[in-house]
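Participant: Going by my numbering, the residue at position 175 of the sequence shown is 175; the numbering climbs one at a time, nothing skipped.
The structure's right below; bear with me while I get my questions together.
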Amino acid sequence: MTHFNGNLIDVMVLFLGERSISHSYGNKAVCDFIYDMLVYTGVPGDAIIYTSSNSGDSRIPQKQDIFDYLREFFVNSYSDEKIYVIYVTSEEMGGSWPAVSEVGAGWITQNQHDIFNINNFNPRKPLDVDSPWANMAFEEGNIRLNQMELDIIADKLIYACTQLSFNSQPKDDVLREIRRRVLIA
C-alpha cells in the first residue's frame, strides 16, 4: 500500500498497520512528539501514516489527493490489515472537516484506536471515551505532563507497538525518553 502526506486535522490519527496520524497543523508539535515517541518505542516510520511528518517515509505520495488516499486506505485496511488509529483530540477538532471525516471512517470500519488529548478537551463518541485517554497540556510550544499522564502515555505507546506485532523498547527506556522531551509537573 502507498503512504500518506500533509495536514489533516486536530486529530492525529496514527494509522498503525499501514497506519496514520491525522491532525490540524496547529497541534503539529504534539503530533510530532507522539510520532517520534512511537518510532522510538518500536514502530517503524514507514509503518505510520502521518500527513505532516517531517519524514517522507510517513507522508502520502506526492500529487495524491488526501481524501482519495484515505478512502482507499480505510477500505483496503478494513479487509486485509491490522489498523490501529491514534486520535490526537483538541478543541479545534470539531471544526475540522477532515478530522470529522476520519473519525467517521474509523467508526464505520470499527478499527481499534486510542486517544491522546490536548488541554483537557473532552472527546466524544464514536471515539472510545469509556477507556482512559492520555491528556497533555500544550502551551507556548511546550508539552507538560504530570507523573500519572507520563505513565499513561508510555503504556499507550507500548500498547500500540505490541498490538501491531512490533517489539517495543522497555518501559523504563520509554519513560526516560519522554522525560527528556517534555516538561514534567
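Where is the CB? At the ideal position from N, CA and C, for every residue including glycine.
In terms of alpha-carbon separation, which member of ALA29, ALA154 and ILE158 lies closest to ASN54?
Facilitator: Comparing Cα positions, the closest option is ALA29.
Participant: I'd like the list of long-range same chain contacts for ASN142, defined as Cβ closer than 7 Å, with 5 residues on each side in sequence excluded.
Facilitator: Excluding positions up to five away in sequence, the list reads LEU183.
Participant: To the nearest angstrom, how far is the alpha carbon of GLN169 from that of LYS156?
Facilitator: Each residue's Cα considered, the two are about 13 Å apart.
Participant: Measure from the alpha carbon of ASP151 to the alpha carbon of each residue in CYS161, THR162, ARG176 and GLU140, then state which is nearest.
Facilitator: Cα-wise, what sits closest to ASP151 is ARG176.
Participant: What number of angstroms, rounded off, separates the C-alpha of LYS171 from the C-alpha of GLN64?
Facilitator: Looking at the two C-alpha atoms, the distance is approximately 38 Å.
Participant: Starting from GLU139, follow the beta strand (DSSP E) in both directions and report where the run begins and ends.
Facilitator: Per DSSP, GLU139 belongs to the beta strand (DSSP E) from 134-139.
Participant: Can you tell me where the beta strand (DSSP E) holding VAL43 begins and where it ends?
Facilitator: Premise fails: VAL43 is in no beta strand (DSSP E) and is neither H nor E.
Participant: So what does DSSP say about ILE83, is it helix, strand or coil?
Facilitator: It is coil, neither helix nor strand.
Participant: Assuming ARG59 is part of the alpha helix (DSSP H), what are its boundary residues?
Facilitator: Looking at the DSSP string, ARG59 is not in any alpha helix (DSSP H), and its letter there is neither H nor E.
Participant: Tell me, please, which residues DSSP counts as bridged to VAL88.
Facilitator: VAL88 pairs with PHE116.
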